[in-house]
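Student: Provided herewith is a single structure, encoded as structure tokens, for subsequent inquiry.
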Amino acid sequence: MSQEIEQTAENAIEKSGIARVIPCKTLDKFACFRWIALAINDFKQAKLISFTYGFIFTILPLSIYFLVYATEWHLVIFPAMVCFMLIGPFLAAGLYDVAWQFEKQHKPSLRHSLKAMSRNAVNEWGFGLFLMILMIFWLRVASLIHALYPEYLEFTFANAWPFLALGTIVGAGFTVLVFFISAFTQPILLERKVDLATAVLTSMNAVWRNKVPMFVWSCVILFSVFLGFVTFFAAFLVIMPILGYASWHGYIATIETKRTRKFE
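Quick note on the numbering used here: the sequence shown kicks off at 30 and runs consecutively.
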């Protein structure tokens, strides 16, 4: 019965009629650790470029934090996060380009990586806007949940736990949705001249067909982000470039091509 449900869900993605879906491979449960090993090697070979991107990924959340602290105006988080959602895909594309150049046995450069977004600019920026819209929607839902909390009640765990639980469940749902949408979309748009719908549906299909290995990968990402926060973003200096490179290697290992890549 479960197999029939899974097959139906797969067909729903592949036969949606919205766009074509690029086939994917079946991954090993712990495939992501091979991607990380390859990413660490990329980091070692391009330390200057990696630290440059890592510094940017570190300074952005730090800037948001200090801006909120200095102004005591928490609403500044919203426009700051909007900017980050637009800049994030641009930075990620640069990291993917570095890993891609290594795989083609070319010497990567910061200048070349910064031009990565121009290969499929309309769809790349469209993806950034799409993520931004999802983030705005989530912030509005979070505000609504917060508004449901009665003002006359003292804020204690006993009083707040239903709202905290609801916020956690809804937040987890948005996180899963964004992961399905974004796991492979950006690398697809970088390497292939395809439309945004094709890239998004291909990513969703690949994650669905590899639920266990992608769950392991998502846990690695969550732990890495948690590590970044507990170190007051300092760990992002190394973590973010490695996650970027690993995401590219995950894309290469997962999404199929009609012709074998010369650098595989």
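Glycine included, C-beta positions come from ideal geometry on N, C-alpha and C.
Using 10 angstroms around the beta-carbon of residue 216, count the other beta-carbons present and answer buried if the total reaches 16, otherwise exposed.
Tutor: Flag for residue 216 reads buried.
Student: Can you give me the C-alpha to C-alpha distance between residue 222 and residue 149, rounded to a whole angstrom?
Tutor: Approximately 6 Å, taken between the alpha carbons.
Student: With contact counted as at least three CB pairs below 8 Å, one residue from each stretch, are the stretch 199-217 and the stretch 274-290 in contact?
Tutor: Yes, since at least three Cβ pairs between the stretch 199-217 and the stretch 274-290 fall closer than 8 Å, the two stretches touch.
Student: What is the residue span of the alpha helix (DSSP H) that residue 236 lies within?
Tutor: That run of the alpha helix (DSSP H) goes 225-238.
Student: Quick check on the DSSP output: what are the complete beta strand (DSSP E) runs of length 3 or more inside the stretch 66-101, in order along the chain?
Tutor: If we require 3 residues or more, the stretch 66-101 turns out to have no beta strand (DSSP E) run fully inside it.
Student: Rounded to a whole number of angstroms, what is the C-alpha to C-alpha distance between residue 235 and residue 284?
Tutor: Roughly 7 Å between the two C-alpha positions.
Student: When the Cα of residue 117 is compared with those of 190, 240, 250, 146, which residue comes out closest?
Tutor: For residue 117, the nearest C-alpha among the options comes from 146.
Student: With a 10 Å radius around its C-beta and 16 neighbouring C-beta atoms as the bar for buried, classify residue 259 as buried or exposed.
Tutor: Classification for residue 259: exposed.
Student: Please determine, among 43, 52, 271, the residue with the shortest C-alpha to C-alpha distance to residue 287.
Tutor: When each option's Cα is compared against that of residue 287, the closest is 52.
Student: For the candidate residues 253, 123, 248, whose alpha-carbon lies nearest to that of residue 205?
Tutor: Of 253, 123, 248, the residue nearest in Cα terms is 248.
Student: Let me check you understand the geometry: is the CB of residue 138 closer than 7 Å to at least one non-hydrogen atom of the ligand GTP?
Tutor: Inclusion of the ligand GTP in the displayed structure is not the case, the ligand content being empty and no account of it being possible.
Student: Under 8 Å: do the stretch 261-272 and the stretch 192-206 share three or more Cβ pairs, one atom per stretch?
Tutor: With the cut-off at 8 Å, the stretch 261-272 and the stretch 192-206 do not touch.
Student: Is the stretch 47-67 in contact with the stretch 229-243, if contact means three or more CB pairs nearer than 8 Å?
Tutor: The stretch 47-67 vs the stretch 229-243: in contact.
Student: Are the C-beta atoms of residue 287 and some chain C residue less than 8 Å apart?
Tutor: Of the protein chains in this structure there is only one, and it is not chain C.
Student: Could you tell me the distance, in whole angstroms, from the CA atom of residue 246 to the CA atom of residue 61?
Tutor: Rounded to the nearest angstrom, the two C-alpha atoms are 6 Å apart.
Student: Within its chain, find whatever has a CB closer than 8 Å to the CB of residue 59; leave out the 5 residues flanking it on each side and keep chain order.
Tutor: 242, 245.
Student: I'd like to know whether the C-beta atoms of residue 229 and residue 199 end up nearer to each other than 8 Å.
Tutor: Against a cut-off of 8 Å, the Cβ pair of residue 199 and residue 229 comes out as no contact.
Student: Can you tell which of 93, 84, 255, 119 has the C-alpha that lies nearest to the C-alpha of residue 154?
Tutor: Checking every option, the nearest Cα to that of residue 154 belongs to 119.
Student: Quick test of the definition: if touching needs 3 or more C-beta pairs under 8 Å, does the stretch 62-70 touch the stretch 87-97?
Tutor: The stretch 62-70 vs the stretch 87-97: no contact.
Student: To which residues does DSSP link residue 284 through a beta bridge?
Tutor: According to DSSP, which records beta bridges pairwise, residue 284 is partnered with 53.
Student: In chain order, what residues of the same chain have a beta carbon less than 8 Å from the beta carbon of residue 77, not counting five sequence neighbours either side?
Tutor: 139, listed in sequence order.
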